[in-house]
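Below: one structure, written as structure tokens.
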Amino acid sequence: MATVTTVLRRRKLPGAGLQKVFSDLRRWPILSVIILTVLFIVGIFGPPLKVGFLDYPGFAPYGYAEGSPRDRTIPPFWGREQVKMKTVVQSVNQLRQEATYQVSLRNARKVKPDAQLGDQVAVVLRQSGTFAHPLGTDEVGWDIFSRLIHAARVTLLVAGISLISGLVVGASLGLIAGYADQISPRFGRHLDEFVMRVVDIWLGLPFIIVALAVVIVLGQSLMVLLGLLAMLAWTPFVRNVRAEVLSIKKQEYVALAKVAGAGSFRILTVHILPGVTNTLIVIATLRVGQLIIAEAILSFLGAGIPPPKPSWGAMIADGRGYLADAWWIAFFPGVAIFLVVMALNFLGDWFRDRL
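Numbering-wise, this note's numbering comes out as the position in the sequence shown, counting from 1, plus 381.
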């Protein structure tokens, strides 16, 4: 009797290849490390750096506010020159539709000295791209590539300082809240409850509205932005550190340290804090991406770094009115934010799986 063997093949689902790519990025975050390394190198060494006797010029081709109106809205280096044929007339009414296909005699003779009324003149609406401005220029002639480099340092500074501030405040409150009942059996539970209710109330506040109100009252400055982002950063550290402390304080080595005469401060810093370090690393890696997005949103809304100092969010805001004609003004800062935040999220997932 013949035996029939059926071979079942796994059906390849749509999007399975993309899913495998993301899975590999989470398991081996080489691309994330490369992107973040480039960010650190560009942010630290790209713009000029003056510290004491050190005067490092940086490798940014231009200053963040250096350029000429003659070079405005130049496309990236692969962009082609945009030319339009226009009819020469005596004068053009800029408020009427004729202005789009007519050129005044005075302006026409700048292009063609012997131009006469009724002639067709080729008018250059936009220059071709050039390697002098590899990513193009914005609406006032500032180099996009150079401003991206200068904005990278702003991103590192703002995200780094606000993250460290939030980490110190949040981790300290989490340690105290989780261990408060051991410090004072009578008032510790009330302190723990008070800290957690403050965190709950803080998380319920609409951050964007609060941030805009603060900027209206205090004005636009770097210190105000750092304070706002630090206030956004601290809450997840409190909750997660407190949860870790509630578990660690029941361990035998903590009880032995207490019996040996160690004080509460020593127990928290020497015996409990190392146990929550992995949690702090994971939260910090994931949180810094959220801080970069928050900074970009605030800058987009006009509540971030005061102009002309560049930030990626402010550059996107500058380009939103030119999306049809000069898309590169907003596109490249958006790509920078996407790549950095994606790299941080993949790196955070890798830390979470490994630690």
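In this text, a Cβ means the ideal position worked out from N, Cα and C, and glycines have one as well. Since we're looking at a predicted model, the values are computed, not measured.
Span separating the alpha-carbon of Ser565 from that of Leu654: 19 angstroms
Span of the beta strand (DSSP E) around Asp436: 435-437
Buried or exposed (CB count within 10 angstroms, at least 16 for buried), Lys431: exposed
In DSSP terms, what Asp524 is bridged to: Thr518
Those runs of the alpha helix (DSSP H) which lie wholly inside the region 631-714 and span at least 4 residues: 633-640, 658-681, 693-700
Spatially closest choice to Ser692 from Gly424, Trp409, Arg570, by CA coordinates: Gly424
Among Gly656, Tyr443, Arg735, the one whose alpha carbon lies nearest that of Ile629: Of the residues Gly656, Tyr443, Arg735, the one whose Cα lies closest to the Cα of Ile629 is Gly656.
Proximal residues to Gly551 (C-beta, below 6 angstroms), its chain only, five neighbours per side dropped: By the criterion of a C-beta distance shorter than 6 angstroms, Gly551 is surrounded in its chain by Trp615, Phe618, Val619, once the five residues flanking it on both sides are discounted.
Chain C within 9 angstroms of Arg453, Cβ atoms only: Annotation note: the requested chain C is absent from the structure, which comprises a single protein chain.
Supposed contact pair Ile648 and Val640 - C-beta distance, whole angstroms, cut 8 angstroms: Val640 to Ile648, Cβ: 11 angstroms. No contact.
Nearest to Arg668 (by Cα), restricted to the options Gly685, Pro687, Arg733, Ile686: Arg733
Closest residue to Trp731 among Ala711, Val579, Ile664, Gly715 (Cα-Cα distance): Ile664
Close-in-space but distant-in-sequence residues of the same chain around Ile674 (CB under 8 angstroms, 5 per side omitted): Ile718, Val722
Residues near Phe681 by beta carbon distance below 6 angstroms, same chain, minus five either side: Within the same chain, Phe681 has close Cβ partners Gly694, Ile697, Ala698.
Cβ pair Leu728, Pro410 closer than 9 angstroms: Taking 9 angstroms as the cut-off, the beta carbon of Leu728 is found closer than this to the beta carbon of Pro410.
Nearest-angstrom Cβ-Cβ length linking Ile679 and Ala592, presumed shorter than 8 angstroms: Reading the sequence as shown, one finds Leu at residue 679 and not Ile. Correct: roughly 6 angstroms between the Cβ atoms.
Separation of Gly517 from Glu462, as counted between CA atoms: 13 angstroms
Distance between Ile525 and Pro442 (C-alpha atoms, nearest Å): 10 angstroms
Buried or exposed (CB count within 10 angstroms, at least 16 for buried), Lys631: exposed
Three-state class that DSSP yields for Glu507 in the structure shown: Note on residue identity: the sequence assigns Arg, not Glu, to residue 507. Arg507: strand per DSSP, three-state reduction.
Extent of the continuous beta strand (DSSP E) run through Leu607: Per DSSP, Leu607 belongs to no beta strand (DSSP E); it is in the alpha helix (DSSP H), 603-614.
Helix, strand or coil at Leu586 according to DSSP, with G and I counted as helix: coil
Cβ neighbour criterion (16 or more within 10 Å) applied to Ala561: buried
Residues near Pro515 by beta carbon distance below 7 angstroms, same chain, minus five either side: Pro457, Phe458, Phe526
Cβ-Cβ distance between Ser543 and Ala611 below 9 angstroms: Note that the C-beta distance between Ser543 and Ala611 is below 9 angstroms.
With 16 other Cβ atoms within 10 Å as the buried cut-off, status of His571: exposed
Inter-residue Cα distance where the pair is Arg623 and Ala724: Their backbone Cα atoms lie some 28 angstroms apart in a straight line.
Closest by C-alpha distance to Thr660, when choosing among Leu584, Val502, Arg735, Phe440: Arg735
Beta-carbon gap between Gly700 and His531 smaller than 9 angstroms: no
As assigned by DSSP and simplified to three states, the class of Thr536: helix
Burial state of Arg528, where buried means 16 or more other Cβ atoms lie within 10 Å: buried
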